[in-house]
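Student: My structure is below; once you've seen it, I'll send some questions.
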Amino acid sequence: MGQFISSTPKEDNDMAYSVDKFFKTFKMESKIIPEDTIILIQSYLEKGDVQRTVSIINEALRDIESAPLNIAVTGETGSGKSSFINALRGIGHEEEGAARIGVTETTMRRTPYTHPKLPAVTIWDLPGLGSTNFPPQKYLEAMKFGEYDFFIIINSTRFKETDAHLAKVIRKMNKNFYFVRTRVDSDVDSLRRGTPSTFNRGRVLGDIQKDCLTQLRHAGVVDAQVFLVSNLDASDYDFPALETTLLRELPAHKRHVFIQCLPNITEAAIDRKRDSLKQKVWLEALKGGVLATIPFVGVVCDSDVEKLQETLTLYRSYFGLDDSSLEKMAKDLHVSVAQLKENLKSPRLLLVEKDESLGEKLLRYVEIFCSVNGGLLATGLYFRKIFYLQSYFLDTVVSDAKFLLRKKEVLKGTMGSGKA
Ligand code: GDP
Ligand code: MG
1 MGQFISSTPK
11 EDNDMAYSVD
21 KFFKTFKMES
31 KIIPEDTIIL
41 IQSYLEKGDV
51 QRTVSIINEA
61 LRDIESAPLN
71 IAVTGETGSG
81 KSSFINALRG
91 IGHEEEGAAR
101 IGVTETTMRR
111 TPYTHPKLPA
121 VTIWDLPGLG
131 STNFPPQKYL
141 EAMKFGEYDF
151 FIIINSTRFK
161 ETDAHLAKVI
171 RKMNKNFYFV
181 RTRVDSDVDS
191 LRRGTPSTFN
201 RGRVLGDIQK
211 DCLTQLRHAG
221 VVDAQVFLVS
231 NLDASDYDFP
241 ALETTLLREL
251 PAHKRHVFIQ
261 CLPNITEAAI
271 DRKRDSLKQK
281 VWLEALKGGV
291 LATIPFVGVV
301 CDSDVEKLQE
311 TLTLYRSYFG
321 LDDSSLEKMA
331 KDLHVSVAQL
341 KENLKSPRLL
351 LVEKDESLGE
361 KLLRYVEIFC
371 SVNGGLLATG
381 LYFRKIFYLQ
391 SYFLDTVVSD
401 AKFLLRKKEV
411 LKGTMGSGKA
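Heads up, the sequence shown is in full-length UniProt numbering, so the first residue is 1 and it goes up one at a time.
Here it is, written out as structure tokens:
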């Protein structure tokens, strides 16, 4: 295959340099390609080894799409496990596939919950250690502890010593755990009402945090990571910080699916999704670029249009801009779908209007994208048009998602349920 290389040694080096530069721009928690994979891609590019470059990119793409992620959520019944599992997947408590809230546990078995759009991610609802009457070690064996990437231990208002013992044993088994204290919204609200003159939100939260750490230390667990959350509002308290920490501590190739699974309720979450998809699109383009003998010519062909349609549908669904998500959001906010869609560009990206054919429209997008991101063309990477189009679609969907997030905040504020 090597004889089909169209690039010169200088171009190969430019490409290797661009790979390095590109991946360096992302935050740790959004990097989806392992460092050693990037180094390998670079070294194959430098050697002009097309076959190996392509095969390592293929492997990386396969890994990030299909690497399974298994999360164990444990805690006593009533602590907020089911609510947490729904919040983490961004699924309303009454939606299809939601974990049922407020029901007493009767099963001694673990229950798997997947994300409707991302089958690689499974969140396991484990029965509380206390309700099984097992000692921690036995409990972990029965729950197949080896299968999880990490544990989330959920505690509510009353600290459960059994959970601290469990934490100790999880650590002994060389597994990671994160300690999550739910219902901090209730603590904050009741103290605000009870002692309005001395109330200080930061201090209330600081005290809860300290108390959890002290109790964990008493049980022999030092340096635990404690997060104070409200399952009723995953954009507040430590929920966003928990997401960032989980992502940072995961191996890079497992981040992509988890990032796509997390709900679009903060700008940071939307940016992470964009960055993760950007790396994926870029790798696909690099592969195409390495293989292409005549890059960047001609019009957009039919199979490209089909692929673009698929990509757009996928992006809209990842960012909550698909028709059914928009309908649901419109209902929640008591506005019409048309009102929500006003100012959104993504639903109209591939619509053919009277005065312009789809082909012309697509070429215009390429021009817009390249005029804004001209730098890319100067890096020695000559990608195909479809890359520019996919990138343009991604940027458009992201800007729509952010617009909707702000609109939602404004509408919620006017409905009188604004955050304190
Ligand atoms: P599980 O038994 O551990 O699965 O707990 P659930 O998720 O079923 O929650 C038990 C109850 O606590 C339900 O009434 C939830 O609405 C409530 N709950 C759970 N998490 C929170 C939270 O963060 N804040 C508040 N205010 N209520 C919560
Ligand atoms: Mg439950």
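Built from N, CA and C at the ideal position, the CB exists for glycine as well.
#1: Use the C-beta contact count for H334: other C-beta atoms within 10 angstroms, 16 or more gives buried, fewer gives exposed.
#2: Consult DSSP for F134 and reduce its assignment to one of helix, strand or coil.
#3: Could you tell me the alpha carbon to alpha carbon distance between A67 and Y148, rounded to whole angstroms?
#4: Do the segment 309-326 and the segment 394-405 meet, that is, are 3 or more Cβ pairs less than 8 Å apart?
#5: Determine, using beta-carbon pairs with one atom in the segment 67-77 and one in the segment 124-144, whether at least three such pairs fall under 8 Å.
#6: Would V121 and C261 qualify as a contact pair, given that the criterion is a beta-carbon distance under 8 Å?
#7: List the whole-angstrom C-beta distance separating W124 from N200, where the pair is believed to meet the contact cut-off of C-beta under 8 Å.
#8: On the three-pair Cβ rule with 8 Å, is the segment 275-286 touching the segment 54-66?
#9: Whole angstroms are fine: how far does the CA of E46 sit from the CA of G380?
#10: Anyone know if the C-beta pair for I208 and V180 falls short of 8 Å?
#11: Sorted by chain position, which residues of the same chain lie with C-beta nearer than 7 Å to N40's C-beta, five sequence neighbours on each side aside?
#12: Have a look at A60 and H253 and give me their C-alpha separation to the nearest angstrom.
#13: Once DSSP output is grouped into helix, strand and coil, what is the label at I71?
#14: Is any heavy atom in the ligand GDP found nearer than 7 Å to the beta carbon of R89?
#15: With DSSP as the reference, please indicate the residues paired to L126 in a beta bridge.
#16: Taking the alpha carbon of N176 as the reference point, which residue from P119, L166 and V54 has its own alpha carbon closest?
#17: Roughly how many angstroms lie between the CA atoms of A118 and R89, to the nearest whole one?
#18: Using 7 Å as the cut-off, classify the Cβ of residue 467 as near or not near the heavy atoms of the ligand MG, replying yes or no.
#19: Suppose the cutoff is 6 Å on Cβ atoms and the five residues either side in sequence are ignored; what does the same chain contact list for T114 look like?
Tutor: By the coordinates alone:
#1: Taking a 10 Å sphere around the C-beta of H334, we find fewer than 16 other C-beta atoms and assign the residue as exposed.
#2: DSSP places F134 in coil when its eight states are reduced to three.
#3: For A67 and Y148, the distance between alpha carbons rounds to 13 Å.
#4: Put simply, the segment 309-326 touches the segment 394-405. At least three CB pairs are less than 8 Å apart.
#5: Using a Cβ-Cβ distance cut-off of 8 Å, the segment 67-77 and the segment 124-144 are in contact, since at least three pairs of beta carbons, one from each stretch, lie closer than that value.
#6: Contact: yes.
#7: No, W124 and N200 are not in contact; Cβ-Cβ is about 38 Å, not under 8 Å.
#8: Output reads yes: the segment 54-66 touches the segment 275-286.
#9: At G380, the pLDDT of 48 sits below 50, so the modelled position is not reliable; the number obtained from the coordinates is stated separately. Taking the straight line from one Cα to the other gives about 13 Å.
#10: The answer is no: Cβ separation not under 8 Å.
#11: Reading the sequence as shown, one finds Leu at residue 40 and not Asn. Same-chain partners within the cutoff: I56.
#12: Annotation: A60 to H253 spans about 8 Å, alpha carbon to alpha carbon.
#13: Of the three classes helix, strand and coil, the one that applies to I71 here is strand, per DSSP.
#14: The answer is no for R89.
#15: According to DSSP, which records beta bridges pairwise, L126 is partnered with nothing at all.
#16: For N176, the nearest C-alpha among the options comes from L166.
#17: The amino acid at residue 118 is misidentified as Ala; the sequence shows Leu. Between L118 and R89, the C-alpha separation is close to 10 Å.
#18: Outside the displayed range of the chain (1 to 420) lies residue 467, so it cannot be described from this structure.
#19: So the list reads T122, once near-sequence residues are dropped.
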